[in-house]
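J.: The sequence shown begins at 64 in the numbering used here and counts up by one.
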Amino acid sequence: MQHIDLELEGDYVELNQLLKLCGLCDSGGAGKALVASGAVRVDGALESRKTAKIRAGQVVALGDVEVRVHAGPAP
Numbered sequence: 064m065q066h067i068d069l070e071l072e073g074d075y076v077e078l079n080q081l082l083k084l085c086g087l088c089d090s091g092g093a094g095k096a097l098v099a100s101g102a103v104r105v106d107g108a109l110e111s112r113k114t115a116k117i118r119a120g121q122v123v124a125l126g127d128v129e130v131r132v133h134a135g136p137a138p
């Protein structure tokens, strides 16, 4: 399994944008399609909300790729 660490720049990132930022899809629209297809899990549970707010401490999985979300530096 491939692991990616993503550092947040704010309080959260929308799921479809996270997929784009990590290079798992080409655009936010493609990210929405991946979520709609039932291929994305958040903290082990199937996630169907395309713009779900993903916060620090959560883990997003797509196929054999796991994205761990971390808090960014304090302002």
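Yeah, the Cβ is synthetic: ideal placement off N, Cα and C, and Gly gets one too.
Here the structure is a predicted model, which is why all the values come from computation and not from measurement.
Beta-carbon within less than 8 angstroms of M64's beta-carbon, same chain only, minus the 5 sequence neighbours each way: which residues are those?
T.: Residue mapping note: residue 64 aligns to position 1 of the sequence shown, counting from 1. The residues are D127, V128 and E129.
J.: Could you check which residue in E77, R118, L109 and S90 has the C-alpha nearest to that of L125?
T.: By one-based count along the sequence shown, residue 125 stands at place 62. Nearest C-alpha to L125: L109.
J.: Between which two residues does the alpha helix (DSSP H) harbouring A96 extend?
T.: Residue mapping note: residue 96 aligns to position 33 of the sequence shown, counting from 1. Counting along the chain, the alpha helix (DSSP H) containing A96 begins and ends at G91 to A99.
J.: What's the C-alpha gap between I117 and S111?
T.: Here residue 117 refers to the residue found at position 54 when the sequence shown is read from its first residue. Here residue 111 refers to the residue found at position 48 when the sequence shown is read from its first residue. In a straight line, the C-alpha of I117 is about 13 angstroms away from that of S111.
J.: Would you please state the rounded distance, in angstroms, between the beta carbons of V98 and K113? I believe it to be under 8 angstroms.
T.: For the purposes of this step, residue 98 is identified with residue 35 of the sequence shown, where counting begins at 1. For the purposes of this step, residue 113 is identified with residue 50 of the sequence shown, where counting begins at 1. Indeed, because the Cβ distance is near 5 angstroms, the residues count as touching under 8 angstroms.
J.: For G101 and L81, what's the separation of their Cα atoms in angstroms?
T.: What you label residue 101 is simply residue 38 of the sequence shown in a count that begins at 1. What you label residue 81 is simply residue 18 of the sequence shown in a count that begins at 1. Going by the C-alpha atoms only, they are around 16 angstroms apart.
J.: Note down the Cα distance separating A119 from L87, rounded to an integer number of angstroms.
T.: The residue you call residue 119 lines up with position 56 of the sequence shown. The residue you call residue 87 lines up with position 24 of the sequence shown. Their Cα atoms are separated by approximately 19 angstroms.
J.: In the DSSP assignment, find the unbroken alpha helix (DSSP H) run with K116 in it and report its ends.
T.: Here residue 116 corresponds to residue number 53 of the sequence shown, with the count starting at 1. No alpha helix (DSSP H) contains K116, which is instead part of the beta strand (DSSP E) from K116 to R118.
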